[in-house]
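Undergrad: Residue numbers (this note's numbering), protein chains in the order written: chain A, 2 to 191; chain B, 2 to 191. Mind having a look at this structure? Questions to follow.
There are 2 protein chains.
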Amino acid sequence: MGVQSKVALVRAMKDLLAEDGYLATSPRDVLRRSGVGHGSLYHHFDGKDDLAAAALAEVATEMRSEADALLDSVDDPLEGVLTWLRAPRQSLMGCRLGRLTGEPILEQSRVRDPIGAFFEYLQHRLAEKLHDAVAAGDLDRGVVSADLAATLVAVVQGGFVIARATGDPDAMNRAQRGALALLSGSRGGA
Amino acid sequence: MGVQSKVALVRAMKDLLAEDGYLATSPRDVLRRSGVGHGSLYHHFDGKDDLAAAALAEVATEMRSEADALLDSVDDPLEGVLTWLRAPRQSLMGCRLGRLTGEPILEQSRVRDPIGAFFEYLQHRLAEKLHDAVAAGDLDRGVVSADLAATLVAVVQGGFVIARATGDPDAMNRAQRGALALLSGSRGGA
DNA sequence: GTCTATAGTAAGATAGAC
DNA sequence: GTCTATCTTACTATAGAC
Numbered sequence: 002m003g004v005q006s007k008v009a010l011v012r013a014m015k016d017l018l019a020e021d022g023y024l025a026t027s028p029r030d031v032l033r034r035s036g037v038g039h040g041s042l043y044h045h046f047d048g049k050d051d052l053a054a055a056a057l058a059e060v061a062t063e064m065r066s067e068a069d070a071l072l073d074s075v076d077d078p079l080e081g082v083l084t085w086l087r088a089p090r091q092s093l094m095g096c097r098l099g100r101l102t103g104e105p106i107l108e109q110s111r112v113r114d115p116i117g118a119f120f121e122y123l124q125h126r127l128a129e130k131l132h133d134a135v136a137a138g139d140l141d142r143g144v145v146s147a148d149l150a151a152t153l154v155a156v157v158q159g160g161f162v163i164a165r166a167t168g169d170p171d172a173m174n175r176a177q178r179g180a181l182a183l184l185s186g187s188r189g190g191a
Numbered sequence: 002m003g004v005q006s007k008v009a010l011v012r013a014m015k016d017l018l019a020e021d022g023y024l025a026t027s028p029r030d031v032l033r034r035s036g037v038g039h040g041s042l043y044h045h046f047d048g049k050d051d052l053a054a055a056a057l058a059e060v061a062t063e064m065r066s067e068a069d070a071l072l073d074s075v076d077d078p079l080e081g082v083l084t085w086l087r088a089p090r091q092s093l094m095g096c097r098l099g100r101l102t103g104e105p106i107l108e109q110s111r112v113r114d115p116i117g118a119f120f121e122y123l124q125h126r127l128a129e130k131l132h133d134a135v136a137a138g139d140l141d142r143g144v145v146s147a148d149l150a151a152t153l154v155a156v157v158q159g160g161f162v163i164a165r166a167t168g169d170p171d172a173m174n175r176a177q178r179g180a181l182a183l184l185s186g187s188r189g190g191a
């Protein structure tokens with residue numbers, strides 16, 4: 002089967018991390034889901050956390066691409082940010098990376114690295130766009146792009162948290178709409 | 002020792018839930034931390050999840066009180082909201098309730114109830130204040146109080162997520178500042 | 001590279017004496 | 001009400017044959 006087992010393991014781990022998180026996912030679960038034998042896991046990886054780190058690195062890459070696609074879907078920088086913010090999200094599932102931040106495993110850097118790097122990247126990209134929007138006169142000059150970037154990322158991540166806490170998928174939509182409305186108040190007064 | 006053991010168990014569970022979350026906290030951990038014997042746990046509670054539900058009910062009550070104290074610390078409704086939003090938070094610890102929303106246990110309603118109810122309550126209280134602020138002419142008439150309430154709760158919850166993900170406690174401050182700046186753009190244009 | 005067998009530890013809960 | 005002993009199952013990993 003060549004390198005197929007390794008790929009199957011990573012794929013299964015990615016799915017299970019999204020569904021149940023890290024702690025609740027056991028090597029057994031991954032093996033069952035992937036159809037791969039027990040020995041292969043420990044041949045290709047050091048163990049559960051090593052496999053999880055590999056899986057999360059892939060997830061982080063995918064999420065960067067998704068964010069980039071939205072942010073760069075339009076030329077206008079502010080429109081790019083708004084497109085990203087407005088994007089529909091499966092709120093009850095939770096963010097594939099953000100959802101893991103509650104787990105104690107996060108203190109082990111091996112698995113936090115891809116998660117942290119993604120959020121740094123996302124904030125950086127948003128701040129960039131916001132900075133350009135200010136320069137273009139589409140946002141008030143007083144806007145601190147790094148602050149606003151953090152706020153917008155937080156709105157989305159918090160939307161996931163509230164939606165899951167209350168079981169109400171619409172909580173995400175409300176959070177997004179509220180943020181969009183606030184943004185329109187900081188518009189244009191160049 | 003009377004009812005002391007029960008109290009000690011709940012106290013220990015509250016601490017451990019805050020430190021490690023639900024899944025990572027075992028009955029053994031609670032027993033060790035509380036100094037209570039194994040039998041007492043199962044005498045006073047049905048099991049781990051029952052004890053956790055009791056602990057979370059207390060946490061939720063405490064957090065309601067804390068939120069109320071901030072929101073009602075000033076007469077002016079908008080100032081109350083701003084006071085709540087500005088409050089310093091131990092971002093790297095994560096929210097004692099929001100942090101648990103990533104765990105699969107959340108699907109079992111027993112333990113989700115107090116968490117969900119708290120977030121409903123918090124949004125309701127914020128929406129109330131925001132509604133009054135609009136009526137008082139301190140916020141634009143176009144403001145949808147339920148949307149903005151969700152946004153502000155999300156900013157805080159998302160601030161916790163980003164701070165933990167990146168290991169940067171200042172992420173919370175940035176998110177808060179960005180939101181405060183946005184709010185000042187929706188001010189007063191009655 | 002993959003398999004089955006197995007090991008050591010912990011989770012979560014029950015039994016029954018005190 | 002509290003304790004110790006014990007039970008079953010699962011977790012995570014290793015051993016060693018194929």
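Here a beta-carbon is modelled for each residue, glycine too, at the ideal position from N, C-alpha and C.
1) Can you tell me whether B:V60 is buried or exposed? The criterion is at least 16 other CB atoms within 10 Å of its CB, across all chains shown.
2) Judging by CA-CA distance, which residue of B:D73, B:S6, B:N174 and B:D141 is the nearest neighbour of B:G40?
3) Run through DSSP, which three-state label would A:L72 get?
4) Verify whether the separation of the beta carbon atoms of A:R126 and A:L83 is less than 7 Å.
5) Cβ of B:A180 within 7 Å of Cβ of B:P115?
6) Counting C-beta neighbours from all protein chains within 10 Å, is the total for A:A172 16 or more, i.e. buried, or is it exposed?
7) To the nearest angstrom, report how far apart B:A191 and B:D133 are at their CA atoms.
8) May I have the straight-line CA-CA distance separating A:A182 from A:V154, to the nearest angstrom?
9) Taking three-plus beta-carbon pairs below 8 Å as touching, is the region 15-34 of chain B in contact with the region 89-101 of chain B?
10) Identify which residue in B:A88, B:A55, B:A54 and B:A53 has its Cα closest to the Cα of B:A70.
11) So, helix, strand or coil for B:L93, using DSSP?
12) Which residue marks the beginning of the alpha helix (DSSP H) containing A:F46, and which one marks its end?
13) Using 8 Å for Cβ pairs, my map puts A:V79 next to A:D139. What's the rounded Cβ distance?
14) Can you confirm whether B:D148, when its beta carbon is compared against all beta carbons of chain A, has any partner nearer than 7 Å?
15) Quick check on this structure: which residue in A:G189, A:R12 and A:E67 has the alpha carbon closest to the alpha carbon of A:L42?
16) Out of A:L184, A:G189 and A:L24, which one is the CA nearest neighbour of A:T102?
17) Cutting at 6 Å between CB atoms, please list the residues of its own chain near A:A54, excluding the five before and the five after it.
18) Tell me which residue opens and which closes the alpha helix (DSSP H) that A:L24 is part of.
19) Only counting the same chain, and skipping five residues up and downstream in sequence, which positions put a Cβ closer than 7 Å to that of A:P28?
20) How about A:A191: is its C-beta nearer than 7 Å to some C-beta of chain B?
21) If we count the other Cβ atoms within 10 Å of its Cβ and call it buried at 16 or more, is A:R178 buried or exposed?
22) Mark B:D47 as exposed unless 16 or more other C-beta atoms lie within 10 angstroms of its C-beta, in which case mark it buried.
23) What do you get for A:A128, buried or exposed, if any count of 16 or more other CB atoms within 10 angstroms of its CB means buried?
24) Going along the chain, which residues of its own chain have a beta-carbon closer than 8 Å to the beta-carbon of B:Q109, five neighbours each way excluded?
25) I need the straight-line Cα distance from A:H45 to B:A164, nearest angstrom please.
26) Spell out whether any CB of chain A is found under 7 Å from the CB atom of B:P115.
27) Helix, strand or coil for A:A191, going by three-state DSSP, please let me know.
28) Excluding the 5 residues preceding and the 5 following B:S187 in the sequence, name in chain order all residues of the same chain whose CB lies nearer than 7 Å to its CB.
TA: With the given structure in hand:
1) So B:V60 ends up on the buried side.
2) Checked all of B:D73, B:S6, B:N174 and B:D141; the closest Cα to B:G40 is B:S6.
3) Helix.
4) No, these two residues do not count as a Cβ contact at 7 Å.
5) No, these two residues do not count as a Cβ contact at 7 Å.
6) Under this definition A:A172 is a buried residue.
7) Because B:A191 carries a pLDDT of 46, less than 50, the predicted location of this residue cannot be relied on, and no value is offered for it.
8) Taking the straight line from one Cα to the other gives about 16 Å.
9) At 8 Å Cβ cutoff, the stretches touch.
10) If we check each option's Cα against that of B:A70, B:A88 comes out closest.
11) DSSP, read as helix, strand or coil, puts B:L93 in coil.
12) It is not in any alpha helix (DSSP H) - A:F46 carries neither H nor E in the DSSP assignment.
13) Reading off the sequence, residue 79 of chain A comes out as Leu, not Val. Yes, A:L79 and A:D139 are in contact; Cβ-Cβ is about 4 Å, under 8 Å.
14) Interface residue, yes.
15) Nearest option by C-alpha distance: A:R12.
16) The residue with the shortest Cα to Cα distance from A:T102 is A:L24.
17) So the qualifying residues of the chain are R111 and V112.
18) Neither: A:L24 is in no alpha helix (DSSP H) and is coded neither H nor E.
19) Once the five neighbours on either side are set aside, the close Cβ partners of A:P28 are L42 and K49.
20) For A:A191, the predicted model reports a pLDDT of 46, less than 50, meaning its position is unreliable; a value from the coordinates is still stated below. Taking Cβ atoms only, chain B never reaches closer than 7 Å to A:A191, which makes this a no.
21) Note on A:R178: 16 or more other CB atoms within 10 angstroms of its CB, so buried under the neighbour-count rule.
22) Exposed, since its Cβ has fewer than 16 Cβ neighbours within 10 Å.
23) Buried: at least 16 other Cβ atoms inside 10 Å.
24) So the qualifying residues of the chain are D50.
25) Each residue's Cα considered, the two are about 32 Å apart.
26) With a threshold of 7 Å between beta carbons, B:P115 makes no contact with chain A.
27) With a pLDDT of 46 at A:A191, under the threshold of 50, the modelled position of that residue is not reliable, and no figure is offered here.
28) Correct list, in chain order: L140, D141 and V144.
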